[in-house]
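Participant: Quick one: this structure, given as structure tokens, is what I'll be asking you about.
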Amino acid sequence: MSRQLIILFFTILTTTECISNKTAIHVGALIPQLQFRDRFCFGSSIKLAVEKINNSSFILPDHHIILHLKETHGRVGFALESLYQLLYTKPTKVAILGPGFSAPSKAVAELCTVFGTLQVSYSAIDPSLMSQLQYPFFFRSTPSIQSFNKVKISFFKHFGWKRVAVLYDYTDNLFFQTTDHLSKMLIANNFTNLMISGFDDDVHTRMDKLQQHNVRIIVGEFSKKGARKVFCEAYKRKMYGSKYVWMIMQGLSDTWFEDANDIDCNSTQLLIASEGYFRATRSNLRQDNVKTLFGKTGEEIWEEIKAKKISDYYPSKTTLSSADVHPGATFAFDATVALAEALHKAEIGGIVDFETYDYKNYETTFAIGQLLLGTTLEGVTGSMKYDMATRERLGEVEIQQFRKGKYCTVARHYTASDVLVFDPINSKKMFPDDVIPRDHPVIVREAILYSLSLVSGLWAISWLGFLLALVFLFVNIKYSNIKVIKMSSPKINNIICFGCMLCYVAVVLYGLDSRMIDVHYIPLTCNSIAIMLSIGFTLAFGGLFSKTFRVYRVFTASKNLTRVVS
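So the sequence shown is numbered by numbering that gives the first Met the number 0: it starts at 0 and just counts up by one.
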């Protein structure tokens, strides 16, 4: 026993001596729900990354990162209080990791701008944080919600869809920013017949417009409450199924349809209307076998993160339930590694001296930030690379489809190369009967032709009628002096015969089609039919009416004659 204690003592002594020979780098980390056994697993992920960095010989070999973890509870007030404690307590913190969620991240970013402190968030997706003017020292390891718009464009292009509508929720400025960015991208990529429509409580009116414009491809940017309103209305209008494609924002929870008390549809109806919708969401774990910076695959690192949490908080357990770990914790690991890589480049480049580093050294912090933007490495979440212009993390984005109340990945988009790769199995079941929906109703122009036998029969009858009318006209003119014909109003008879002949000719013209005459003469034929039929009917019916009225006048006049008796 004493021998083991001696070995342990010398091990600790040796480790302490090795650490003491290294320069300490102090980094603050703001973690939501840290006091609740690190609920989201962000803390365990960051601690594991720091352990690997400190034990590596290729990242900051002469330095030792010391973490200062603080609780935020996911709220702005707690995040700012924890940040003040980090900044106003010695030693100086070179950078801040976190916090989780967008609202606390924005508040912390404003204060970090004042102190000139580098901030790397692992879960904030608000697109307004991309502003280099407002947040010059803010960076993130996760793609923002706007970066998913590039994925949507690529997805639409793959299927040849050009007519797209965007329906967004007024209740959050985040939806407006994303929609505005998406609409600009759609216009830049030559999408046509765009329809951008926002709603609050007037979903009915907005859905009316979608139906009036025959929109089939619809992008939805709304909360889970807005999703229930929209899909309830879609169910009532039958705007779902094989004809429609819905692309929804990634923030909807897996159980958004369960709380249906605020609408007049039940959960089953919402599931029917929303079946098959797509969403773009970040890829939490790379699926290839490419090894990370530390020589292990993403899956192996993920297992180590979970093991780290078990050893820290659940020593009696061997596995964690889904409620004990958040899949997005991998971004915290990559954020820590990317930060360390940037600090390593800054140290070997002579940009920073960590022993004398202090706050409000804006030029140094900005230079480290630029090195972070230029960082390229293989992370747990995929290849890490940044867009220098927008400062966006370029990585892998999954396209998932909602099937029977669950999500399945149908494609992956590699943002850096703009390559869309479909899953060979799940992508085969994306659309009913494997028929790709169209982005608009297809109008098929088809010539409606009568059978030649029917046309020939009608022509024969028409020509017989024409000849009979011609004979009557000839007889009426030839024998107009005969008393019987003279008394029958021969001039009116001529008009009736001529009108009938025009009507018979109109029937013949009506039977002409592209099989008999050139298609360019079809409009002329149609106009001729209308003219001949109008004139012919007017003459024939008008003449007949005139004769009838004349007979009527003769008979009524004879009754009014007074007989004179001598």
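Just so you know, even glycine gets a beta-carbon here, dropped at the ideal spot from N, CA and C. For clarity, every value in this text was computed on a predicted model and none was experimentally measured.
How many angstroms separate the CA atom of L173 from the CA atom of P126?
Facilitator: By one-based count along the sequence shown, residue 173 stands at place 174. By one-based count along the sequence shown, residue 126 stands at place 127. Distance between the alpha carbons of L173 and P126 is about 8 Å.
Participant: Apart from the five residues on each side of it in sequence, which residues of its chain come closer than 7 Å, Cβ to Cβ, to N188?
Facilitator: For this step, residue 188 is matched to residue 189 along the sequence shown. Result list for N188: I152, in chain order.
Participant: With H, G and I counted as helix, E and B as strand and the rest as coil, what does DSSP make of I6?
Facilitator: Start at 1 with the first residue of the sequence shown, and residue 6 comes out as number 7. Any reading at I6 must be qualified, since the residue scores a pLDDT of 44, below 50, and its modelled position is unreliable; the value itself is stated next. Residue state, collapsed to three classes: helix.
Participant: Look at L68 and L33 and say whether their C-beta atoms are less than 8 Å apart.
Facilitator: Position 69 of the sequence shown, counted from the first residue, corresponds to residue 68. Position 34 of the sequence shown, counted from the first residue, corresponds to residue 33. Less than 8 Å separates the beta-carbon of L68 from that of L33.
Participant: Report the residue from P98, Y385 and M238 whose alpha carbon sits nearest the alpha carbon of G42.
Facilitator: Working through the sequence shown from its first residue, we reach residue 42 at position 43. Nearest C-alpha to G42: P98.
Participant: DSSP has I65 in a bridge; who is on the other side?
Facilitator: Walking along the sequence shown from the start, residue 65 turns up at place 66. Paired residue(s): H25.
Participant: Tell me, which residues are paired with I217 by DSSP?
Facilitator: For this step, residue 217 is matched to residue 218 along the sequence shown. Paired residue(s): A164 and W245.
Participant: I think L319 touches K305, with their Cβ atoms under 8 Å apart; what is that distance to the nearest whole Å?
Facilitator: Locating residue 319 in the sequence shown gives position 320, where the first residue counts as 1. Locating residue 305 in the sequence shown gives position 306, where the first residue counts as 1. L319 to K305, Cβ: 5 Å. Contact.
Participant: Could you pull the start and end residues of the alpha helix (DSSP H) that Y330 belongs to?
Facilitator: Taking the sequence shown and counting its residues from 1, one reaches residue 330 at position 331. Per the sequence shown, residue 330 should be read as Phe rather than Tyr. Where F330 is concerned, the enclosing alpha helix (DSSP H) stretches over A328 to I347.
Participant: Would you tell me roughly how many angstroms separate the C-alpha atoms of I424 and I528, rounded to the nearest one?
Facilitator: Numbered from 1 along the sequence shown, position 425 holds the residue referred to as residue 424. Numbered from 1 along the sequence shown, position 529 holds the residue referred to as residue 528. Approximately 59 Å, taken between the alpha carbons.
Participant: Which partner residues does C407 have in the DSSP bridge list?
Facilitator: Locating residue 407 in the sequence shown gives position 408, where the first residue counts as 1. Bridge partners of C407: Q400.
Participant: Could you tell me whether the Cβ atoms of V26 and L96 are closer together than 8 Å?
Facilitator: Translated into the one-based positions of the sequence shown, residue 26 becomes position 27. Translated into the one-based positions of the sequence shown, residue 96 becomes position 97. For V26 and L96, yes; Cβs fall inside 8 Å.
Participant: Taking only three categories from DSSP, how would you classify A94?
Facilitator: Locating residue 94 in the sequence shown gives position 95, where the first residue counts as 1. Looking at A94 - three-state DSSP - the assignment turns out to be strand.
Participant: Measuring straight from C-alpha to C-alpha, what distance separates G225 and N213?
Facilitator: On the sequence shown, position 226 is the one that residue 225 refers to. On the sequence shown, position 214 is the one that residue 213 refers to. Answer to the nearest angstrom: the Cα atoms are 22 Å apart.
Participant: When you compare the region 240 to 249 with the region 274 to 291, are there three or more beta-carbon pairs, one atom per stretch, that lie closer than 8 Å?
Facilitator: yes
Participant: I'd like to check one pair, M194 with A164: are the Cβ atoms closer than 8 Å?
Facilitator: Here residue 164 refers to the residue found at position 165 when the sequence shown is read from its first residue. Here residue 194 refers to the residue found at position 195 when the sequence shown is read from its first residue. Taking 8 Å as the Cβ cut-off, A164 and M194 qualify as a contacting pair.
Participant: Which value, in whole angstroms, describes the spacing of the CA atoms of K235 and F147?
Facilitator: Working through the sequence shown from its first residue, we reach residue 235 at position 236. Working through the sequence shown from its first residue, we reach residue 147 at position 148. Cα-Cα distance, rounded: 30 Å.
Participant: Assuming the contact rule is C-beta atoms closer than 8 Å, A334 and I64 should be a hit. Round their C-beta distance to whole Å, please.
Facilitator: Taking the sequence shown and counting its residues from 1, one reaches residue 334 at position 335. Taking the sequence shown and counting its residues from 1, one reaches residue 64 at position 65. No, A334 and I64 are not in contact; Cβ-Cβ is about 13 Å, not under 8 Å.
Participant: What residues in its chain sit with their C-beta under 8 Å from that of T107, if we drop five residues either side in the sequence?
Facilitator: Counted from its first residue, the sequence shown places residue 107 at position 108. Here residue 107 turns out to be Val, not Thr, going by the sequence shown. So the qualifying residues of the chain are L29, A78, L79, L82, I95, G97, P98 and Q118.
Participant: Taking one C-beta from the region 529 to 538 and one from the region 486 to 502 each time, how about it: are there three or more such pairs within less than 8 Å?
Facilitator: In short, these stretches touch, since the Cβ pair count reaches three.
Participant: How about E220 and D261: do their beta carbons lie closer than 8 Å?
Facilitator: On the sequence shown, residue 220 is found 221 positions in, with the first residue counted as 1. On the sequence shown, residue 261 is found 262 positions in, with the first residue counted as 1. At least 8 Å separates the beta-carbon of E220 from that of D261.
Participant: Between which residues of its own chain and M576 is the CB-CB distance below 8 Å, once the five residues before and five after are set aside?
Facilitator: The structure shown has nothing for residue 576, since the chain only spans 0 to 565.
Participant: Can the beta-carbon of F421 be found closer than 8 Å to that of V409?
Facilitator: Here residue 421 refers to the residue found at position 422 of the sequence shown. Here residue 409 refers to the residue found at position 410 of the sequence shown. Yes, they are a contact pair.
Participant: Would the beta-carbon of L284 fall within 8 Å of that of G294?
Facilitator: Here residue 284 corresponds to residue number 285 of the sequence shown, with the count starting at 1. Here residue 294 corresponds to residue number 295 of the sequence shown, with the count starting at 1. It is not a contact, given that the beta carbons lie outside the stated cut-off.
Participant: For N265, does the count of other Cβ atoms within 10 angstroms reach 16, so buried, or fall short, so exposed?
Facilitator: Position 266 of the sequence shown holds residue 265. So N265 counts as exposed.
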